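In the UniProt record's numbering, the protein residues as written are 1 to 496.
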């Protein structure tokens, strides 16, 4: 990961891992070197013959010698040395129960051990699920996203690590026990080994959440470390912002370990994959606020999604934001309220995404089940007082009846059912991706001129432009209707 200039608190030796203990029974003693105020762990009942990092057997040469009750201190071979890695990542492709839980899962990852003095993760694993890896072997964009996303979880963006974050001078942001120096606020989730964190890291608040059915209380966990707060206030253009919401979806491994999808859309660390994922300054700020890394902000990607949208966007519901924006005759982007999905035989209506690097469709659809009232945004026939008609938002299902429609909402639950312009991925019958709607990706170039109805050009200098809905191609007396209308990708040049 080239986005870090280095470890913030450089270790004085290569990172060796502690051996796993029989029965998980671990004891602690103070290190004999009084200049180092850190505990040394030892195995009360002896060491396991094999130490694992996730599903991987750790090579013996990566391990400290076995420390037990009769000799709990560091051996000479464990003493600081020069050179060697300060972080180890183990990569595997092994079948497992976790792979079997979800047929669509590419894999899973986690950190294994932390350094005793600074709590910095020093080892982690990424395991690919073989079945899905074979299916997606050619989809380099999604595999690249998966590896980068999971690496950030391993390095610090994880609910299991928040209580270990440190300040600029190395002081813990969450109070510690005297010995061993674990966080002392108790457990947040003991079954997953997650300690409670201080309010200086994450603050729980209850906000008013407005939908077309009324006002509801909504719990939000706000990440509010100093650099994150500074970068977020500038990014959203909201000087009074208290913190950035973490994802509230209830799934284990999703809740609180990602940014809120509604607010940061295609950031690398939201829980939903998009082709145009971005490693934003906000995510780099979080990594720097762990106290373990220095971020290189010049290499951050642009994230137009919530840029400059203001305090109402950053703290309110999408219904509130869209209502206010339409009242002021301003854009509701990245949200939308006019479904562009039509019936299968008709063209898909698309529009450019904020930033202009791709196009997509408004993912407003009619769900089979009634949405929860707090996430119902179209209970009245014309909630945003525009020329929008609910009859045009029937998606691929039957048209709704007269009046409002409590089944209508965004396609993505993790975005609180807020409708937004979503990029398009075209798949082959075997499920593999053929191309996407990212203008800057040369691989999206049509393989045949006959398929290129909009005469598009994809590449590094291409951008999205709106096109006429009346765009037609004719050959003699035959009229061809493009499958996608409203926007397309073209190269542009600036003349000075």
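Glycine is no exception: its CB is placed at the ideal position from the N, C-alpha and C atoms.
None of the values given here were measured: they were computed from a predicted structure.
In the DSSP output, which residue or residues are listed as bridge partners for residue 491?
Translated into the one-based positions of the chain shown, residue 491 becomes position 491. For residue 491, which the question treats as bridged, DSSP gives the partners 462.
Among 304, 446, 309, 285, nearest to residue 298 - alpha-carbon criterion
Your numbering for residue 298 matches position 298 in the chain shown. With distances taken between Cα atoms, residue 298 lies closest to 285.
Spatial neighbours of residue 479 within its chain, please: C-beta separation below 7 angstroms, excluding the five flanking residues on both sides.
Taking the first residue of the chain shown as 1, we reach residue 479 at position 479. Excluding sequence neighbours, residue 479 sits near 472.
Same chain, Cβ closer than 6 angstroms to residue 456, five either side skipped, listed in chain order
If you number the chain shown from 1, residue 456 lands on position 456. Excluding positions up to five away in sequence, the list reads 488, 489.
Per-residue DSSP class, three states only, for residue 248
Translated into the one-based positions of the chain shown, residue 248 becomes position 248. Here DSSP, grouped into helix, strand and coil, assigns residue 248 to coil.
Less than 8 angstroms between C-beta atoms, sequence neighbours within five positions excluded: which residues of the same chain meet that for residue 183?
By 1-based counting over the chain shown, the position of residue 183 is 183. The residues are 163, 164, 172, 174, 175, 176, 177, 195, 196, 197.
In or out: residue 224 buried (at least 16 other Cβ within 10 Å) or exposed?
The count along the chain shown starts at 1 and reaches residue 224 at position 224. Its Cβ being crowded by 16 or more others within 10 Å, residue 224 is buried.
Indicate the three-state DSSP secondary structure (helix, strand or coil) for residue 121 in the structure shown.
For the purposes of this step, residue 121 is taken as the residue at position 121 of the chain shown. In this structure, residue 121 counts as strand in the three-state DSSP scheme.
What residue range does the alpha helix (DSSP H) around residue 289 cover?
Position 289 of the chain shown, counting from 1, holds the residue named residue 289. Its alpha helix (DSSP H) spans residues 281-289.
For residue 348, name the three-state secondary structure that DSSP assigns.
Position 348 of the chain shown holds residue 348. Strand at residue 348.
Cβ-Cβ separation, residue 157 to residue 257 (assumed contact under 8 angstroms), whole Å:
If you number the chain shown from 1, residue 257 lands on position 257. If you number the chain shown from 1, residue 157 lands on position 157. 7 angstroms between Cβ atoms; contact.
Give me the residue from 91, 40, 205, 413 with the minimum Cα distance to residue 30.
To locate residue 30, count along the chain shown from 1; it is residue 30. The shortest Cα separation from residue 30 among 91, 40, 205, 413 belongs to 40.
Decide yes or no for the touch test of the stretch 368-384 against the stretch 294-314: beta carbon pairs closer than 8 angstroms, at least 3 of them.
no
Exposed or buried, which one is residue 179 when buried takes at least 16 other CB atoms within 10 Å?
Residue mapping note: residue 179 aligns to position 179 of the chain shown, counting from 1. Note on residue 179: under 16 other CB atoms within 10 angstroms of its CB, so exposed under the neighbour-count rule.
For residue 29, does the three-state DSSP call read helix, strand or coil?
The sequence position of residue 29 within the chain shown is 29, counting from 1. DSSP places residue 29 in strand when its eight states are reduced to three.
Helix, strand or coil: which one does DSSP assign to residue 482?
The sequence position of residue 482 within the chain shown is 482, counting from 1. Here residue 482 sits in coil by DSSP.
Determine the burial state of residue 358: buried for a count of at least 16 other Cβ atoms within 10 Å of its Cβ, exposed for fewer.
Within the chain shown, numbered from 1, the residue matching residue 358 stands at position 358. Result: buried.
In or out: residue 215 buried (at least 16 other Cβ within 10 Å) or exposed?
Position 215 of the chain shown holds residue 215. Looking at its Cβ environment, which holds fewer than 16 other Cβ atoms inside 10 Å, residue 215 is exposed.
Between which two residues does the beta strand (DSSP E) containing residue 216 stretch?
In the chain shown, residue 216 corresponds to position 216, counting from 1. Unbroken beta strand (DSSP E) run through residue 216: 214-223.
If I measure Cβ to Cβ from residue 146 and keep anything under 6 angstroms in the same chain, skipping five residues before and after, which residues do I get?
Position 146 of the chain shown, counted from the first residue, corresponds to residue 146. Within the same chain, residue 146 has close Cβ partners 106.
Could you tell me which residues DSSP puts in a beta bridge with residue 426?
Taking the chain shown and counting its residues from 1, one reaches residue 426 at position 426. Answer is 435.
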